[in-house]
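Heads up: the structure comes next, in structure tokens.
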Amino acid sequence: MAAFICRVIFSRDIEFVEVVAVHKGLQLVMNIGLAPAIIELDSLNVVNLISNKMHSRCEVG
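If you read the sequence shown in our numbering, its first letter stands for residue 1388, the second for the next number, and so on.
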């Protein structure tokens, strides 16, 4: 198990913040060699964004 803290520049878009959290979490998983991993989310829109079933005008990276 691992954890991290990340400051996100103010955003009114909660889905953007959730996608940033997943992105940073996956980077952590890969960096410390915990892959494969199970990611649990409670936002269907975020799941769809990650699985490329939906598009966003936000840039995450």
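Even glycine gets a Cβ: it sits at the ideal position worked out from N, Cα and C. Values in this document were obtained by computation on a predicted structure and should not be read as measured data.
Starting from residue i, trace the alpha helix (DSSP H) both ways and give me its first and last residue.
i, result
"Gly1412", "Ile1401 to Asn1418"
"Asn1439", "That residue, Asn1439, is in no alpha helix (DSSP H); it is neither H nor E in DSSP."
Let me make sure I understand the geometry here. Which of the options has the alpha-carbon closest to that of residue i?
i, options, result
"Cys1393", "Glu1402, Ile1401, Gly1412 and Ile1426", "Gly1412"
In three-state terms, what does DSSP make of residue i?
i, result
"Leu1431", "helix"
Taking 8 Å as the limit between beta carbons, can you name the residues of its chain near residue i, skipping five residues before and five after?
i, result
"Ala1422", "Val1416"
"Ala1389", "Leu1415, Val1416, Ile1419 and Leu1421"
"Ser1398", "Val1404"
Who are the Cβ neighbours of residue i in its own chain at under 6 Å, not counting the five residues just before and after it?
i, result
"Asn1432", "Glu1402"
List the whole-angstrom C-beta distance separating residue i from residue j, where the pair is believed to meet the contact cut-off of C-beta under 8 Å.
i, j, result
"Val1406", "Ile1426", "Wrong, their Cβ atoms sit about 12 Å apart, outside the cutoff."
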